[in-house]
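Written below as structure tokens is the structure these notes are about.
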Amino acid sequence: MRPGVPVSIFSFETDPALASDPVFDLHRRGKMAISCTVPLNSRDDLSKAYTPGVARVCEAIAETPELAADYTWSGNVVAVVTDGSAVLGLGNIGPKAAMPVMEGKAVLFKQFGGVDAVPICLDTQDTEAIVATVKALGPSFGGINLEDISAPRCFEIERRLDEALDIPVFHDDQHGTAVVVLAALRNAVTVLGRRFADLRVVISGAGAAGVAITNTLIAAGVPGANMIICDSRGIIHADRPGLTAEKAELAANTNVSMRTGGMREALIGADVLIGVSGGAIDEEALAGMAPGGIIFALANPTPEVHPSIAAKYAAIVATGRSDFPNQINNVLAFPGIFRGALDCRATTITDRMKVAAAEAIAEVVGEDLRPDTIVPSPLDPRVAPAVAAAVARAAELDGVARCVAAPATLAAAPVPA
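Counting the sequence shown from 1 gives a position; the working numbering is that position plus 18.
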């Protein structure tokens, strides 16, 4: 360190207000640590855990690489990878500022799924460099969770890594969100006595989450012809110039009536509004929706529509926040999805596995299903085991499981208080 350069320019010493801030108290020195799972109290312990005993395990793995999942932690560990380009609602804040979120993701993996996770924040936003780096890190992990990488790069990064690696690669901003939205919508239409086939759906946002939700709902039976997707420029349609490849695909599969305009035009007669954009939607636009509908305003921390306003125009309202009913949160999905995928040593995560996860989440609600309870609480200890079992079964049906799942580790997972 150069003389005269302070250790920190932003600390408890330089800002006394932080000394009484419980959020900073919780994050100081990070939210996670590595702990030892074997005794190291004697020379015999050392000889087994390290040299010379460890050499026998290394030789066995060198001869049969598949043994690494049994005799190292790699079979139960996921890399949580970001480039810091699209962190929560904060935007492109870079890898260092992204670390608190990635640490948070890692502790959620452990708390709810019994999955060890390592946050990896890459100091590059170059697609080629990210793909090459994560591919090179592959042997250390049983799965890759991509996180907070901006669209459209996230689509190519996930696709190429999924093709290159023989372990699950999952972009949670896309698929985790889509899984929980599908679970919530399934229960919402059940409460209202509706059918997917009859729904007219508007999605505000055509980034990672918007694209994945659209494709997932179409696969689940919502007619693409009845769906309208809006981005910051308005309704996406086939004749709109300058569409990216992903948006052109959306245009080809949705909005068959070629409706144009903005959110007000999109919402005329709509049964469902799903917001994953972060932009505000005015009340006049909501007034055009069909009565008795559904609004999922999922931007965090500020929903596109405040629940008190949304409730004027919809029978069921959900947000991404924990201080309102019906919290649609990815933590309902990703711990169980990876738990199930790791338990059966899946090579990838298929569409059937995602749908199975959504169905399992929806079914946990059970007899508690009502307009203000369409998804279970993120703290419900039943969720991850149910999702893991469903995902493992789906992996076996799809032929991507390398063993029959025996989720003994799940039984030992910490249960929320």
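Glycine residues also receive a C-beta, built at the ideal position from the N, C-alpha and C atoms.
For residue i and residue j, which I take to be in contact (beta-carbon distance under 8 Å), what is that distance rounded to the nearest angstrom?
{"i": "Val220", "j": "Ala288", "result": "5 Å"}
{"i": "Asp166", "j": "Val119", "result": "7 Å"}
{"i": "Cys76", "j": "Lys114", "result": "Going by Cβ atoms, the distance from Cys76 to Lys114 rounds to 34 Å, so no, they are not a contact pair."}
{"i": "Gly225", "j": "Ile185", "result": "Not really, about 26 Å apart at Cβ, beyond 8 Å."}
{"i": "Gly107", "j": "Gly260", "result": "Not quite, the Cβ-Cβ distance comes to about 25 Å (not below 8 Å), so this is no contact."}
{"i": "Ala333", "j": "Leu210", "result": "6 Å"}
Taking 8 Å as the threshold (C-beta atoms), are residue j and residue i in contact?
{"i": "Ile413", "j": "Ala364", "result": "Looking at the sequence shown, residue 413 is not Ile but Ala. Contact flag set, yes."}
{"i": "Met281", "j": "His255", "result": "no"}
{"i": "Lys49", "j": "Gly102", "result": "no"}
{"i": "Phe130", "j": "Ala375", "result": "no"}
{"i": "Gly194", "j": "Asn59", "result": "no"}
{"i": "Gly354", "j": "Ala419", "result": "no"}
{"i": "Asp191", "j": "Ala227", "result": "yes"}
{"i": "Ala116", "j": "Thr100", "result": "yes"}
{"i": "Ala359", "j": "Ile367", "result": "yes"}
{"i": "Val199", "j": "Ile292", "result": "yes"}
{"i": "Ser222", "j": "Val294", "result": "yes"}
Taking 6 Å as the limit between beta carbons, can you name the residues of its chain near residue i, skipping five residues before and five after?
{"i": "Pro343", "result": "Asp390"}
{"i": "Pro21", "result": "Low confidence applies here, because Pro21 scores a pLDDT of 49, under 50, leaving its location unreliable; read the following figure in that light. No residues qualify anywhere along the chain."}
{"i": "Ala86", "result": "Ile79 and Ser92"}
{"i": "Lys265", "result": "Ala224 and Ile254"}
{"i": "Arg400", "result": "Val382"}
{"i": "Met19", "result": "Below a pLDDT of 50, predicted positions are generally treated as unreliable, and Met19, at 42, falls in that range; the measurement from the model is reported next regardless. Contacts found: none."}
{"i": "Val105", "result": "Ile111, Ala116, Val119 and Asp166"}
So, for residue i: in the same chain, excluding its five sequence neighbours on each side, which residues have a beta-carbon less than 8 Å away from its beta-carbon?
{"i": "Val383", "result": "Asn205, Thr391, Ile392, Val393 and Pro394"}
{"i": "Val422", "result": "Cys362 and Glu414"}
So, at 7 Å on beta carbons, what are the nonlocal neighbours of residue i in its own chain, with the 5 sequence-adjacent residues on each side left out?
{"i": "Ala426", "result": "Low per-residue confidence applies at Ala426: pLDDT is 49, beneath 50, and the placement is therefore not dependable enough to give any value."}
{"i": "Phe214", "result": "Val207, Ala238, Gly239 and Val240"}
{"i": "Gly160", "result": "Ala87, Ser92, Gly93, Asn94, Val95, Val96, Ile185 and Leu360"}
{"i": "Ala380", "result": "Ala201, Arg204 and Asn205"}
{"i": "Pro396", "result": "Gln345, Asn347, Val349 and Leu350"}
{"i": "Glu301", "result": "Ile327"}
Taking the beta strand (DSSP E) that residue i belongs to, which residues open and close that run?
{"i": "Ser92", "result": "No beta strand (DSSP E) contains Ser92, which DSSP labels as neither H nor E."}
{"i": "Thr337", "result": "Ala332 to Thr337"}
{"i": "Asp249", "result": "Met245 to Asp249"}
{"i": "Val187", "result": "Val187 to His189"}
{"i": "Val405", "result": "Taken as a continuous stretch (DSSP letters only), Val405 belongs to no beta strand (DSSP E), being part of the alpha helix (DSSP H) at Val401 to Asp416."}
{"i": "Asp180", "result": "Asp180 -> not in any beta strand (DSSP E); alpha helix (DSSP H) instead, spanning Arg171 to Ala182."}
{"i": "Cys76", "result": "Taken as a continuous stretch (DSSP letters only), Cys76 belongs to no beta strand (DSSP E), being part of the alpha helix (DSSP H) at Gly71 to Glu81."}
{"i": "Pro222", "result": "Per the sequence shown, the amino acid found at residue 222 is Ser instead of Pro. Val219 to Ser222 is the span of the beta strand (DSSP E), which, as asked, contains Ser222."}
Hey, quick one: how far does the alpha helix (DSSP H) through residue i stretch, first residue to last?
{"i": "Leu268", "result": "Ala263 to Asn271"}
{"i": "Asp369", "result": "Asp369 to Val383"}
Contact the stretch 151-164 vs the stretch 309-316: 3+ CB pairs below 8 Å:
Under the 8 Å Cβ criterion, the stretch 151-164 does not count as touching the stretch 309-316, having fewer than three qualifying pairs.
The stretch 266-283 in contact with the stretch 233-253 per 3-pair CB rule at 8 Å
yes
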